[in-house]
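Novice: For the record, the sequence lines run as chains A and B. Just add 142 to the spot in the first sequence (first one is 1) and you have the numbering used here. Just add 144 to the spot in the second sequence (first one is 1) and you have the numbering used here. We put the beta carbon where it would ideally sit given N, CA and C, even for glycine. The following block contains the structure, expressed as structure tokens.
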Amino acid sequence: MMIRIDHGRIVDPANDIDRVDSVYIAGGKIVSVTDEPAGFKPDTVIDASDKIVCPGFIDLSTRLRDMGHSRKATFKSEVLAAAAAGVTTLCLQPDTAPVIDTPAVVELIKELAEKADYPQIYAVGALTQKLEGSELSSMLSLKQAGCIAVGNANEPVKNLLILRRAMEYAASHDLLLMFRPNDFDLGNNGCAHEGAVATRYGLPSIPEAAETIALAQCLELAELTGCRVHFGQLSCKRSVIKIHQAKKYGLKVSADVAIHQLHLTENDMKPFDSAYHVLPPLRTEDDKQYLRQGLAGGTINSICSDHQPHDLDAKLGAFPETEPGMSSLETLLPLMLKLVSQHAITLEQGIACLSANPARVLRLDSGALTPGFAADVCVFDPELEWQVNSVNWKSQGVNTPFWGQTLKGRVTHTLQAGKIIHRLIERG
Amino acid sequence: MTDNLQLNAEGKLKHFLTIEGLDKTLLTEILDTAESFAGMSEHQVKKVPLLRGKTIVNLFFENSTRTRTTFELAATRLSADVINMNIATSATSKGESLLDTIRNLESMFVDMFVVRHALSGAAHFIAQQTAPHISVINAGDGQHAHPTQAMLDMFTIRQLKPDFSNLRVAIIGDILHSRVARSEIQALNTLGAAEVRVIASKTLLPAHVESLGVTVSHNLTEGLKDIDVVMMLRLQKERMTSALLPSESEYFKCFGLTEEKLKIAKPDAIVMHPGPINRGVEIDSKVADGPQSVILKQVSNGIAVRMAIMAMAMQTATHTVHGDRHAGSLPTSGIHTIPGDRHAGSLPACDIHTIPGDKGAV
């Protein structure tokens, strides 16, 4: 199977390419982005005129539900959303039901991924058994079964001695720790940012310190243990400052931010609208600006979707009792492009944050259009406007605050290892 | 951010969920309407047929005696049929969701829900989800709002100190967890009070409390200076076990209102409390039962104010204010029943009429 993508503007940050050219794909791999290889006879030609051709996106934090949570979403429903979003590789957080703490669950996930025709789903193994924060998981077995990293999802490891040992053990097996900093006690069962809005609506609130203290502790332990740490879904200014200082100091750490944190603040919350209920909570304008600067300056190197689809019931109730999280795969690209049009970052940076940089975090030979790499490619029309509605939406979770809005930028083709897994069918 | 959910297309009250987003004119209208109801309670026959044929459900997911009783009395005096539901001991304990409870009650042709719930935003949620003809009155949701309590307190203040623009009000105690405080602050600011001051230790104040439009003091002795209205809040016992306060006795020492401390406020200051009071914790008995206390007046005013809000939300309120703003004064016109009219919604916008034979009416 040979595919040629013609006339597109190729943006490949890892290889420093930004020009109109053709991409040649054969045997599931990138063959060339310059000259036509000898004897190349494409079975399929994709016309990418006025479109951007870039590496397929790598999402560092996704929930696909399924298994015990299949009423919220399934692999089958969510891989369609991922493909439509241009995402070709994704990391599944370990808080599935059952938790990813045994090789058997990893095997089950691989099986579900194969059945859904979307093989590039990487499981993040649980750092502690059942994510309970008390006993180490069998990290080596998890790694051998295919886990790309370990983490404790949103669950706390309250005892720092246990966290230290878990990090030492992970470091012994050269495993990456994916850490969402959150001090459980300081969080105090809150559901909104501790600020003027939560005060006005009487919502139980979470201070920034719940994030920054957990972050500072983990940075100390990263130095002590030598464990590689990637900090996920940062939400506030002081976290950006702390990561910046740690990197300057020489620690091998990296960080990502969820796409919605770069656009929404506490002030955007409509009164008691559960679509805005996320963890970490939407914070202030100042935090948002710092997160954007952190991205532009490279302190934060990746953007994740933090996709968390829910069934309707999960979001129907008084705000504090609704479940947190947004369905956010499909808004990932348009919201990244909005950062570009608002001059927060360049297009090249935006694409790198979704491909080359997360590939580096995960040490994958991916995230670039390098000859020999698997042909994970995203073709998108940066000008195409579309409405977030039930006609266009693929995810089973409709829990997005952008519902009904018209967004700009849409994926037209997604290729995973040379296979076209998404092709936009335009109506009319 | 305004809360238009509460108003219908004509800008009239449809639900009463929070003070936020309601303007001074509307709050004044509530107070004026309440005034026309206020004298009624002292009559032998205490009913008007404004809500005859209407069904009101008191939906209490949290225990309450005072609020529920005054809502029930208010509804009864408007001639509505009232059903009390204590959900704390009912459906939700069997696993029924909030929405299912509402749907089931809707199917029983209910016209109004009076809701109390332990979670902020519960009343908003019900108002958004419920059938369009149903009005929702918030009788307290989590730490968010308790707007009828605020209005009955405004009513009580206005009886004694009619000019809000000169008023300095201190709210003392657990502001952080208090829905009453949030609603009082919004009502006082909307009605143009000169100053709203909150007095508490930092552990009992929410973040950015000044953004609510208040000044802050951590010291009762300093904070009570120049104050016209002293509002005490109830201190929940669980604040001691969650490390917000060391002990009841230390709290009383710092923030308990005694006769001596009350002297720091203006000599004619009034003392209020939404109840139930903890004697010897936030307030000394001598003050609670003393001449400056209006605590029991607040309770009786609760009936008239809740009647006014219920009637207005059902679009049936009639305006019977005749320039006299003092409590106990009655509308000067006669009060008669309306023969044959079964639909309160179609009542003429004229004086309130009473049941024949009510000797106290004229």
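Along the chain, where does the beta strand (DSSP E) that runs through Pro197/A open and close?
Specialist: Taking the first residue of the first sequence as 1, we reach residue 197/A at position 55. Taken as a continuous stretch (DSSP letters only), the beta strand (DSSP E) holding Pro197/A covers Ile194 to Pro197.
Novice: Taking a contact to mean a Cβ-Cβ separation below 8 Å, would you say Glu114/A touches Leu263/B in this structure?
Specialist: The structure shown does not extend to residue 114/A, since chain A is modelled only from 143 to 570, so the question has no answer here.
Novice: Could you check whether the Cβ of Gly144/B sits closer than 8 Å to any Cβ belonging to chain A?
Specialist: The structure shown has nothing for residue 144/B, since chain B only spans 145 to 506.
Novice: Can you tell me the Cα-Cα spacing of Glu426/B and Leu458/A, whole angstroms?
Specialist: Counted from its first residue, the second sequence places residue 426/B at position 282. Counted from its first residue, the first sequence places residue 458/A at position 316. Between Glu426/B and Leu458/A, the C-alpha separation is close to 38 Å.
Novice: Report yes or no: is there a C-beta of chain A within less than 8 Å of the C-beta of Phe257/B?
Specialist: In the second sequence, counting from the first residue as 1, residue 257/B sits at position 113. False, the Cβ-Cβ gap to chain A never drops below 8 Å.
Novice: Going straight from the alpha carbon of Thr300/B to that of Leu388/B, what length do you get?
Specialist: Residue mapping note: residue 300/B aligns to position 156 of the second sequence, counting from 1. Residue mapping note: residue 388/B aligns to position 244 of the second sequence, counting from 1. Cα to Cα, the separation comes out at about 31 Å.
Novice: Residue range of the alpha helix (DSSP H) that Ala251/A falls in?
Specialist: The residue labelled residue 251/A in the question sits at position 109 within the first sequence. The question names Ala, but residue 251/A is Ile in the sequence shown. Looking at the DSSP string, the run of the alpha helix (DSSP H) that includes Ile251/A is Pro245 to Lys257.
Novice: With 8 Å set as the bound, which would you pick, yes or no: does the beta-carbon of Thr464/B sit closer than that to a beta-carbon of chain A?
Specialist: Translated into positions along the second sequence, residue 464/B becomes position 320. With a pLDDT of 38 at Thr464/B, under the threshold of 50, the predicted position of this residue should be treated as unreliable, though the coordinate-derived value follows. No, Thr464/B does not count as interfacial toward chain A.
Novice: How many angstroms separate the CA atom of Gly492/A from the CA atom of Gly440/A?
Specialist: Your numbering for residue 492/A matches position 350 in the first sequence. Your numbering for residue 440/A matches position 298 in the first sequence. In a straight line, the C-alpha of Gly492/A is about 11 Å away from that of Gly440/A.
Novice: Between which two residues does the beta strand (DSSP E) containing Phe257/B stretch?
Specialist: Taking the first residue of the second sequence as 1, we reach residue 257/B at position 113. Segment Met256 to His261, the beta strand (DSSP E) holding Phe257/B.
Novice: Could you tell me which of Ala460/A, Ala364/A, His335/A and Leu477/A sits nearest to Glu527/A, measuring between CA atoms?
Specialist: Translated into the one-based positions of the first sequence, residue 527/A becomes position 385. Minimum Cα distance to Glu527/A is reached at Leu477/A.
Novice: What does a CB cutoff of less than 8 Å around Phe253/B pick up in its chain, not counting 5 residues either side in sequence?
Specialist: As a working mapping, residue 253/B is identified with position 109 in the second sequence. Thr199.
Novice: Which word fits Ile567/A, buried or exposed, when buried means at least 16 other C-beta atoms lie within 10 angstroms of its C-beta?
Specialist: Position 425 of the first sequence, counted from the first residue, corresponds to residue 567/A. Label assigned to Ile567/A: exposed.
Novice: Only counting the same chain, and skipping five residues up and downstream in sequence, which positions put a Cβ closer than 6 Å to that of Pro155/A?
Specialist: Residue 155/A sits at position 13 when you count from the first residue of the first sequence. For Pro155/A, where only same-chain residues beyond five positions count, the Cβ hits under 6 Å are Glu490, Ile493, Ala494 and Ala498.
Novice: Distance check for Phe308/B and Pro350/B, CA to CA, integer angstroms please.
Specialist: Working through the second sequence from its first residue, we reach residue 350/B at position 206. Working through the second sequence from its first residue, we reach residue 308/B at position 164. So the two alpha carbons sit approximately 26 Å from each other.
Novice: Tell me the residue span of the alpha helix (DSSP H) that contains Asp327/A.
Specialist: Here residue 327/A refers to the residue found at position 185 when the first sequence is read from its first residue. Counting along the chain, the alpha helix (DSSP H) containing Asp327/A begins and ends at Phe326 to Gly329.
Novice: Please report the Cβ distance between Thr204/A and His449/A, rounded to the nearest whole angstrom; I am assuming they are in contact, meaning their Cβ atoms lie under 8 Å.
Specialist: Numbered from 1 along the first sequence, position 62 holds the residue referred to as residue 204/A. Numbered from 1 along the first sequence, position 307 holds the residue referred to as residue 449/A. About 5 Å separates the two Cβ atoms, so the contact holds.
Novice: Is the beta carbon of Ile246/B closer than 8 Å to that of Ile453/B?
Specialist: Position 309 of the second sequence, counted from the start, is the residue given in the question as residue 453/B. Position 102 of the second sequence, counted from the start, is the residue given in the question as residue 246/B. Result no, Cβ atoms of Ile453/B and Ile246/B do not sit closer than 8 Å.
Novice: Take every Cβ of the stretch 327-343 of chain A, pair it with every Cβ of the stretch 383-398 of chain A, and state whether three or more of those distances are shorter than 8 Å.
Specialist: No, the stretch 327-343 of chain A does not touch the stretch 383-398 of chain A.
Novice: Would you give the residue range spanned by the alpha helix (DSSP H) that Thr429/A belongs to?
Specialist: On the first sequence, residue 429/A is found 287 positions in, with the first residue counted as 1. One detail in the question is off: residue 429/A reads as Asp in this sequence, not Thr. From DSSP, the alpha helix (DSSP H) with Asp429/A extends over Glu427 to Gly439.
Novice: Who does Glu389/B pair with in a DSSP beta bridge?
Specialist: What you label residue 389/B is simply residue 245 of the second sequence in a count that begins at 1. Looking at the sequence itself, residue 389/B is Leu, so the reference to Glu does not match. Bridge partners of Leu389/B: none, in fact.
Novice: Taking contact to mean at least 3 C-beta pairs separated by less than 8 Å, is the stretch 516-536 of chain A in contact with the stretch 225-245 of chain A?
Specialist: Touching, yes.
Novice: How big is the Cα-Cα spacing for Ile348/A and Ser164/A?
Specialist: In the first sequence, counting from the first residue as 1, residue 348/A sits at position 206. In the first sequence, counting from the first residue as 1, residue 164/A sits at position 22. Approximately 49 Å between the Cα atoms of the pair.
Novice: Quick one: grab the DSSP three-state call for Thr556/A.
Specialist: The count along the first sequence starts at 1 and reaches residue 556/A at position 414. The answer is strand: DSSP assigns Thr556/A an E or B state.
Novice: CA-CA distance, Gln262/A and Phe215/B?
Specialist: Taking the first sequence and counting its residues from 1, the one referred to as residue 262/A is at position 120. Taking the second sequence and counting its residues from 1, the one referred to as residue 215/B is at position 71. Roughly 60 Å separates the two Cα atoms.
Novice: Do Gly560/A and Gly169/A have their CB atoms nearer than 8 Å?
Specialist: For this step, residue 560/A is matched to residue 418 along the first sequence. For this step, residue 169/A is matched to residue 27 along the first sequence. Their beta carbons are under 8 Å apart, which means Gly560/A touches Gly169/A by this criterion.
Novice: For Ser355/B, go through chain A and note every residue whose CB falls closer than 8 Å to its CB, in chain order.
Specialist: As a working note, residue 355/B is residue 211 in the second sequence. Neighbours of Ser355/B on chain A, chain order: Ala338, Thr341 and Arg342.
Novice: Quick one: residues in its chain with C-beta nearer than 8 Å to the C-beta of Gln380/B, no 5 flanking neighbours on either side, listed in chain order?
Specialist: Counted from its first residue, the second sequence places residue 380/B at position 236. Only Asp318 and His321 meet the Cβ criterion.
Novice: For Gln287/B, go through chain A and note every residue whose CB falls closer than 8 Å to its CB, in chain order.
Specialist: Translated into the one-based positions of the second sequence, residue 287/B becomes position 143. Those within 8 Å of Gln287/B in chain A are Gly344, Leu345 and Pro346.
Novice: Which residues of the stretch 453-468 of chain A have a Cβ closer than 8 Å to any Cβ of chain B? Give them in chain order.
Specialist: Against chain B - using a Cβ distance shorter than 8 Å - the residues of the stretch 453-468 of chain A are Asp455, Leu458, Gly459, Ala460, Phe461, Pro462 and Glu463.
Novice: Using a Cβ-Cβ distance under 8 Å, would Phe414/A count as near chain B?
Specialist: Indexing the first sequence from 1 puts residue 414/A at position 272. Yes, its Cβ sits closer than 8 Å to a Cβ of chain B.
Novice: Start and end of the alpha helix (DSSP H) containing Val540/A?
Specialist: Translated into positions along the first sequence, residue 540/A becomes position 398. Per DSSP, Val540/A belongs to no alpha helix (DSSP H) and is neither H nor E.
Novice: Quick check on this structure: which residue in Leu304/B, Ser241/B and Val431/B has the alpha carbon closest to the alpha carbon of Gln273/B?
Specialist: For the purposes of this step, residue 273/B is identified with residue 129 of the second sequence, where counting begins at 1. Here the closest residue by C-alpha is Ser241/B.
Novice: Runs of 3 residues minimum, wholly inside the stretch 308-388 of chain A: which ones carry the beta strand (DSSP E) assignment?
Specialist: Fully enclosed beta strand (DSSP E) runs of 3 or longer: 319-321 and 371-373.
Novice: From Arg196/B, Leu356/B and Gly265/B, pick the residue whose C-alpha is nearest to that of Arg221/B; which is it?
Specialist: As a position in the second sequence, residue 221/B is number 77, starting the count at 1. Checked all of Arg196/B, Leu356/B and Gly265/B; the closest Cα to Arg221/B is Arg196/B.
Novice: Compile a chain-ordered list of the residues in the stretch 317-349 of chain B whose CB is closer than 8 Å to at least one CB of chain A.
Specialist: Of all residues in the stretch 317-349 of chain B, Arg323 and Arg326 have a Cβ within less than 8 Å of some Cβ in chain A.
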